[in-house]
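Position 13, counted from 1, in the sequence shown is what my numbering calls 13; the numbers after and before it change by one each time, with no gaps. All C-beta atoms in this analysis are idealised placements derived from N, C-alpha and C, irrespective of residue type, glycine included. Quick caveat: nothing in here was measured; it's all calculated off a predicted structure. Read the structure below first, then the notes.
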Amino acid sequence: MKFSVLSLFPGQVLEALRFSMTWRAMEKGLIDLEGIDIRDFAINEYGQVDDAPYGGGRGMVMMCEPVYRAWEKSKGKNKDVRTIFLTPAGRVFDQALAHSLAKEPHVIFICGHYEGIDRRVIDEIEAEEVSIGDFILTGGELAAAVMIDAISRLIPGVLPDQEAWELESFSDGLLEWPQYTRPSLWRGHEVPPILLSGHKARIARERQLMQVLETLKKKPWLLLDRRLDPSIWELLAEAMQREEKGD
């Protein structure tokens, strides 16, 4: 799979991923990560890629032509490309979108800076607008790094054990169960006894119940937004009873 990042500061994305699974996947040849500097496609010899906004206002706006040329260079003749424009106005990135993008052979990320990018080039490219949350960053580079990391984990061979991501939060529409390790008693806090029992079937069910409880407490809307297995609803009823009893 190939990721291309179009940015005025592509090195920021590469540096953010340097100590991640994504970087190791690159070294193994599982992922190709390309950083393209939009300044290489400036409109003049002075390296101009931005100009003052029409209608007035503060700051500078990135121009259409440098962005479009960078995109054309990255895309080449390949038609199987999805282009993502990182913007706070976009749909919020989630695990479902990560799974969808992980199936693509080539994903291009366009990172804005300053006061943004001329709207016309985004429309011309027909880029999908995606956000990582309702907050503002200096540019789209860190958002691109976040998405690339999340997508890369879903590509076969990137994680040493495929079950690792199948059991993680959101893989089945629920949050991950709480994790514990030695010692079993720490400053008065005990590990749930069932996890020490060695009974695999009971532990598996308890973990499922913990998942439902975690989701119910922290992100209850996930229980409404997802089509869950019927057995989950049974666990939900049990979890709610446990909550009422204060267990």
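Assuming residue i contacts residue j under a Cβ cut-off of 8 Å, what Cβ separation, rounded to an integer in Å, is found between them?
i	j	result
V5	I36	7 Å
D123	L17	Not quite, the Cβ-Cβ distance comes to about 29 Å (not below 8 Å), so this is no contact.
C111	A144	6 Å
Could you please give the first and the last residue of the uninterrupted beta strand (DSSP E) stretch that includes residue i?
i	result
S4	K2 to S7
L293	The displayed coordinates of the chain run from 1 to 247. Any statement about residue 293 would go beyond what the structure contains.
H106	H106 to C111
Report the three-state DSSP secondary structure of residue i (helix, strand or coil).
i	result
P88	strand
S152	helix
W71	helix
L195	helix
R94	The amino acid occupying residue 94 in the given sequence is Asp; Arg does not appear at that position. Reduced to three states, the DSSP call for D94 is coil.
S131	strand
I36	strand
M60	coil
R182	coil
E115	coil
E141	helix
E190	strand
Over the uninterrupted alpha helix (DSSP H) stretch that includes residue i, give me the two end residues.
i	result
G11	P10 to A16
E124	R119 to I125
E214	K200 to K218
A25	M21 to E27
Any heavy atom of the ligand SAM closer than 7 Å to the CB of residue i?
i	result
V146	Although the ligand SAM was asked about, the structure shown includes no ligands whatsoever.
Decide yes or no for the touch test of the stretch 74-86 against the stretch 106-113: beta carbon pairs closer than 8 Å, at least 3 of them.
-> Verdict: yes, contact present.
Please confirm if the stretch 62-71 is in contact with the stretch 39-50, defined as three or more CB-CB distances below 8 Å between the two stretches.
-> Yes: at least three Cβ pairs fall under 8 Å.
Do three or more CB pairs link the stretch 206-216 to the stretch 232-242 at distances below 8 Å?
-> The stretch 206-216, when compared against the stretch 232-242, does touch it at the 8 Å Cβ threshold.
Say whether the stretch 128-135 touches the stretch 15-31, bearing in mind that this needs 3 or more beta-carbon pairs closer than 8 Å, one atom from each stretch.
-> Cβ pair count under 8 Å is below three, so no.
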